[in-house]
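Scroll down for the structure; my scribbles are underneath it.
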Amino acid sequence: MQKQQHSNRLFVLKPACLAGLSLLLLLMTGAARSADLFKGKEVFSNYCVSCHGADGVAVHPMAPNFQRGEKLFVSDLILLQSISKGKGSMPSFGGILSDSQIMDVIAYLRTFSR
Ligand code: HEC
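Numbering (the working numbering), first residue to last: 10 to 123.
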């Protein structure tokens, strides 16, 4: 009787372990990816510097000053929307940059005001 109970417990435990393992794999591969500042800087130099300036002080008269943190006091998701869809005279980057590239460049924007 004792042995029977023991093997039953193992039977229940295995699927739980598998579920835990696949959750861990999921976290490691995509969901928990953190922004890459080096890639962000590269994107900024290629696509944003002409209006926003190498030091985050805008060249374009209507663009915010990132050194003063202008427009950056919102969540990454709000900024992702603006950059992806475009805003005012800023073009849309949705078809040019992937969401993860945009998240990288947002992390880089936040370094100007530090
Ligand atoms: C053609 C010039 C131009 C380029 C290129 C450009 N921007 Fe902008 N950007 C602007 C202007 C102008 C605004 C102000 C828009 C407004 O509020 O009317 C702005 C606003 C922003 C804002 C504030 C958005 C908000 O929600 O208020 C962010 C963040 C931003 N730009 C990031 C970027 C990034 C990142 C890139 C490169 C991928 C980029 N911009 C490229 C001109 C530009």
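Built from N, CA and C at the ideal position, the CB exists for glycine as well.
Quick one: does the C-beta of residue 82 sit closer than 8 Å to a heavy atom of the ligand HEC? Counting from 1 along the sequence shown, the entry for residue 82 is found at position 73. Checking the Cβ of residue 82 against the ligand HEC gives no.
Taking 8 Å as the cut-off, is the CB of residue 121 close to at least one heavy atom of the ligand HEC? The residue you call residue 121 lines up with position 112 of the sequence shown. It does not: the Cβ of residue 121 is nowhere closer than 8 Å to a heavy atom of the ligand HEC.
State buried or exposed for residue 61, treating a residue as buried only when at least 16 other CB atoms are found within 10 Å of its CB. As a working mapping, residue 61 is identified with position 52 in the sequence shown. By the neighbour-count rule (16 or more Cβ atoms within 10 Å), residue 61 is buried.
Distance check for residue 115 and residue 51, CA to CA, integer angstroms please. Numbered from its first residue, the sequence shown carries residue 51 at position 42. Numbered from its first residue, the sequence shown carries residue 115 at position 106. Between residue 51 and residue 115, the C-alpha separation is close to 12 Å.
Taking C-beta to C-beta, are residue 88 and residue 118 nearer than 9 Å? To locate residue 88, count along the sequence shown from 1; it is residue 79. To locate residue 118, count along the sequence shown from 1; it is residue 109. Contact: yes.
Residue 113 to residue 44 span [Cα, whole Å]: Looking up residue 113 in the sequence shown gives position 104. Looking up residue 44 in the sequence shown gives position 35. So the two alpha carbons sit approximately 5 Å from each other.
So what does residue 96 bridge to, in DSSP terms? Counting from 1 along the sequence shown, the entry for residue 96 is found at position 87. 99, per the DSSP bridge assignment.
How should residue 72 be labelled, buried or exposed, when 16 other C-beta atoms within 10 angstroms of its C-beta is the threshold for buried? Residue mapping note: residue 72 aligns to position 63 of the sequence shown, counting from 1. With 16 or more other Cβ atoms within 10 Å, it is buried.
Between the CA atoms of residue 111 and residue 53 - distance to the nearest angstrom: On the sequence shown, position 44 is the one that residue 53 refers to. On the sequence shown, position 102 is the one that residue 111 refers to. Distance between the alpha carbons of residue 53 and residue 111 is about 9 Å.
In the DSSP assignment, find the alpha helix (DSSP H) that holds residue 80 and state where it starts and stops. Taking the first residue of the sequence shown as 1, we reach residue 80 at position 71. Where residue 80 is concerned, there is no enclosing alpha helix (DSSP H), given that its DSSP letter is neither H nor E.
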